[in-house]
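**Student:** To start, I am sharing the structure in question, which I have written as structure tokens.
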């Protein structure tokens, strides 16, 4: 399988596309204005100690001083303990002291950033904790045997690297099922990164940025690159230079696969990525056979409906349904990754009579999900043909990143018909007649509603005028949506 990573970089926005066999599978978007500072490490200076609050303010070079509580301050090279939490803030820090801190919460409103001295640096499968030496495992990895296997694997790799005194590790949820090669690569990467960070700390004067959580272009190398990736193409010369330096120093196994793309045609246009992004914002996904999917994303869950559409098959109905479901199983797995759909997902496959067909569709779906970077959990095909599954939310969905709620329909996805609005207008006029005395009434509404009132509903308007013994006039209001109208007393 041929895999490539494409990077489209501009000053405002960075976009990364994962392409398999020429087909877009995943898209990552990061905008400069919305980048936070959580995870960044600073060399700060304590500017004020507050004994009454057991806290201190630290200047890390931002507009407002950041805030750190005593429970988040630990002596060097020591694990966090209850005794440290109880120690007075005055014994832990003093004004003018330099302090290496990490941001745990972005500044919000008038409040400064929140800090900790318990540093942690993530890689793809492991998180390095330089100040202690224990191995922890994410609670989301529930299988006891797998937890023990991973613990022994990390301890074995630490022993092989002879780095017992270089910090401890936490295994992330994504580590479930990985082998020695992946663990060793992460340990080596994190130690090289921490050595570089220590050099920067020694050479810097407070306040200074020591380590910034990697931008999207570099996080891609950390989280997505594996032996299957053949090429990494970047359309920005400046970003290519940064990536090349990063690769040579910290991810040497990728060296030689990074290329600068200087073409005049936009890189996403060249590989059809732009069109695929636009298609991924549509409810309907067309299948090659003529069938289609309908994907509805709501706050509670995402539902996916499979339909045969124009596909009539060549043998019989059951064979047609089976082939449509098989094709849909592959397409759905891709759409989950591409749209980054998370949480509860309900898939309504077309009902299949044969259990063997159900098993094959489920196997096809599970196999298609093997390359998904997010953790998934799938149930079997129910008697109704429904598959219930969950997919871990790793970031906002593509729709939430690129779109906002429609101001016309307010997120409903539908509008009242012009006919419905006309009848609401009639009812509103009758209410006005009962409540107020007026010589005539003017109705302000959208062009489509006014056109209907003057055409199909003209006889009803005449009857209403006769009934209320008043004149009714109509005026088009271009800025009104189809559901908006006003009745004005004249």
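Residue numbers (full-length UniProt numbering): 1 to 490.
All C-beta atoms in this analysis are idealised placements derived from N, C-alpha and C, irrespective of residue type, glycine included.
Keep in mind that this is a model prediction, so the values were computed, not measured.
Using only the alpha-carbon positions, how far apart do residue 249 and residue 198 sit?
**Tutor:** Looking up residue 249 in the chain shown gives position 249. Looking up residue 198 in the chain shown gives position 198. Going by the C-alpha atoms only, they are around 15 angstroms apart.
**Student:** Determine the direct distance from the alpha carbon of residue 245 to that of residue 479, and round the result to whole angstroms.
**Tutor:** Mapped onto the chain shown, residue 479 falls at position 479. Mapped onto the chain shown, residue 245 falls at position 245. Rounded to whole angstroms, residue 479 to residue 245 spans 54 angstroms at the Cα level.
**Student:** Let me know the secondary structure DSSP gives residue 321 once reduced to three states.
**Tutor:** Stepping through the chain shown from its first residue, residue 321 is reached at position 321. Of the three classes helix, strand and coil, the one that applies to residue 321 here is helix, per DSSP.
**Student:** Output the distance between the C-alpha atoms of residue 453 and residue 461, rounded to the nearest integer angstrom.
**Tutor:** The count along the chain shown starts at 1 and reaches residue 453 at position 453. The count along the chain shown starts at 1 and reaches residue 461 at position 461. Between residue 453 and residue 461, the alpha-carbon positions lie close to 7 angstroms from each other.
**Student:** Select from 301, 237 and 341 the residue whose C-alpha is nearest the C-alpha of residue 280.
**Tutor:** Numbered from 1 along the chain shown, position 280 holds the residue referred to as residue 280. Ranking the options by Cα distance to residue 280, first place goes to 341.
**Student:** Would residue 441 and residue 470 qualify as a contact pair, given that the criterion is a beta-carbon distance under 8 angstroms?
**Tutor:** Your numbering for residue 441 matches position 441 in the chain shown. Your numbering for residue 470 matches position 470 in the chain shown. Yes. Within cutoff.
**Student:** Between the Cα of residue 372 and the Cα atoms of 9, 2, 26 and 3, which residue gives the shortest distance?
**Tutor:** Stepping through the chain shown from its first residue, residue 372 is reached at position 372. Measuring from the Cα of residue 372, the nearest candidate turns out to be 26.
**Student:** What does the alpha-carbon distance come out to for the pair residue 472 and residue 427?
**Tutor:** By 1-based counting over the chain shown, the position of residue 472 is 472. By 1-based counting over the chain shown, the position of residue 427 is 427. Looking at the two C-alpha atoms, the distance is approximately 13 angstroms.
**Student:** Out of 167, 261, 297 and 266, state which residue places its alpha-carbon closest to the alpha-carbon of residue 238.
**Tutor:** Walking along the chain shown from the start, residue 238 turns up at place 238. The candidate whose alpha carbon is nearest that of residue 238 is 261.
**Student:** If you scan the stretch 330–374 from start to end, which runs of the beta strand (DSSP E) of 3 or more residues do you find wholly inside it?
**Tutor:** 343–348
**Student:** So, with DSSP's three-state summary, where would you put residue 83?
**Tutor:** The residue labelled residue 83 in the question sits at position 83 within the chain shown. With a pLDDT of only 44 at residue 83, under the threshold of 50, the placement of this residue in the model should not be trusted; the figure read from the coordinates follows. In this structure, residue 83 counts as helix in the three-state DSSP scheme.
**Student:** Would you say the stretch 412–426 touches the stretch 354–373, given that touching needs at least three Cβ pairs under 8 angstroms?
**Tutor:** Touching, no.
**Student:** Tell me the start and end of each unbroken alpha helix (DSSP H) in the stretch 187–268 that is at least 4 residues and wholly inside, in chain order.
**Tutor:** Qualifying alpha helix (DSSP H) stretches, in chain order: 216–223 and 237–250.
**Student:** Are any of the Cβ atoms in chain C nearer than 8 angstroms to that of residue 198?
**Tutor:** The chain labelled as chain C is not found in the depicted structure, where only one protein chain is given.
**Student:** Grab the span of the beta strand (DSSP E) containing residue 467 for me, first residue to last.
**Tutor:** Along the chain shown, one-based indexing puts residue 467 at 467. For residue 467, there is no enclosing beta strand (DSSP E); the enclosing alpha helix (DSSP H) has its first and last residue at 458–468.
**Student:** List, from N- to C-terminal side, the beta strand (DSSP E) runs of 3 residues or more that fit wholly inside the stretch 117–167.
**Tutor:** 126–129 and 135–137
**Student:** Compare the Cα-Cα distances from residue 189 to each of 210, 163, 173 and 204 and report the closest residue.
**Tutor:** Translated into positions along the chain shown, residue 189 becomes position 189. Considering only alpha carbons, the answer is 163.
**Student:** Taking the alpha carbon of residue 339 as the reference point, which residue from 183, 28 and 330 has its own alpha carbon closest?
**Tutor:** The count along the chain shown starts at 1 and reaches residue 339 at position 339. Checking every option, the nearest Cα to that of residue 339 belongs to 28.
**Student:** Nearest-angstrom Cα distance between residue 200 and residue 210?
**Tutor:** Against the chain shown, residue 200 aligns to sequence position 200. Against the chain shown, residue 210 aligns to sequence position 210. Rounded to the nearest angstrom, the two C-alpha atoms are 6 angstroms apart.
**Student:** With 16 other CB atoms within 10 Å as the buried threshold, where does residue 134 fall?
**Tutor:** Indexing the chain shown from 1 puts residue 134 at position 134. Residue 134 should be labelled exposed.
**Student:** Any heavy atom of the ligand MN inside 7 angstroms of the beta-carbon of residue 367?
**Tutor:** Although the ligand MN was asked about, the structure shown includes no ligands whatsoever.
**Student:** What distance in whole Å lies between the Cβ atoms of residue 46 and residue 102, which are believed to be in contact at a cut-off of 8 angstroms?
**Tutor:** On the chain shown, residue 102 is found 102 positions in, with the first residue counted as 1. On the chain shown, residue 46 is found 46 positions in, with the first residue counted as 1. Contact flag wrong, Cβ pair sits at about 15 angstroms.
**Student:** Could you pull out every residue in the same chain whose Cβ sits closer than 7 angstroms to the Cβ of residue 329, ignoring the five residues on either side in sequence?
**Tutor:** Locating residue 329 in the chain shown gives position 329, counting from the first residue. Correct list, in chain order: 361, 364, 365 and 368.
**Student:** Taking DSSP as the reference, what is the three-state secondary structure of residue 77?
**Tutor:** By 1-based counting over the chain shown, the position of residue 77 is 77. Model confidence at residue 77 stands at a pLDDT of 44, short of 50, so the residue's coordinates are unreliable and nothing is read from them.
**Student:** Bridge partners of residue 68, per DSSP?
**Tutor:** For this step, residue 68 is matched to residue 68 along the chain shown. The partner list for residue 68 (beta bridge, DSSP) reads 56.
**Student:** Look at the Cβ atom of residue 236, then the Cβ atom of residue 488, and state whether they are nearer than 8 angstroms.
**Tutor:** Here residue 236 corresponds to residue number 236 of the chain shown, with the count starting at 1. Here residue 488 corresponds to residue number 488 of the chain shown, with the count starting at 1. The Cβ-Cβ distance between residue 236 and residue 488 does not fall below 8 angstroms.
**Student:** So, for residue 439: in the same chain, excluding its five sequence neighbours on each side, which residues have a beta-carbon less than 8 angstroms away from its beta-carbon?
**Tutor:** Locating residue 439 in the chain shown gives position 439, where the first residue counts as 1. Within the same chain, Cβ atoms closer than 8 angstroms to the Cβ of residue 439 are found at 470, 471 and 490, the five residues on either side in sequence being excluded.
**Student:** For residue 288, count neighbouring C-beta atoms within 10 Å of its own C-beta (all shown protein chains included) and say buried if the count is 16 or more, exposed if not.
**Tutor:** Locating residue 288 in the chain shown gives position 288, where the first residue counts as 1. That one is exposed.
**Student:** Thinking C-alpha only, which one of 145, 475, 59 and 317 is nearest residue 450?
**Tutor:** Position 450 of the chain shown, counted from the start, is the residue given in the question as residue 450. Minimum Cα distance to residue 450 is reached at 475.
**Student:** Report the rounded CA-to-CA distance for residue 446 versus residue 486, giving the unit in angstroms.
**Tutor:** On the chain shown, residue 446 is found 446 positions in, with the first residue counted as 1. On the chain shown, residue 486 is found 486 positions in, with the first residue counted as 1. If I take the Cα positions, the gap works out to 10 angstroms.
**Student:** Could you tell me which of 468, 255 and 194 sits nearest to residue 221, measuring between CA atoms?
**Tutor:** For this step, residue 221 is matched to residue 221 along the chain shown. Considering only alpha carbons, the answer is 255.
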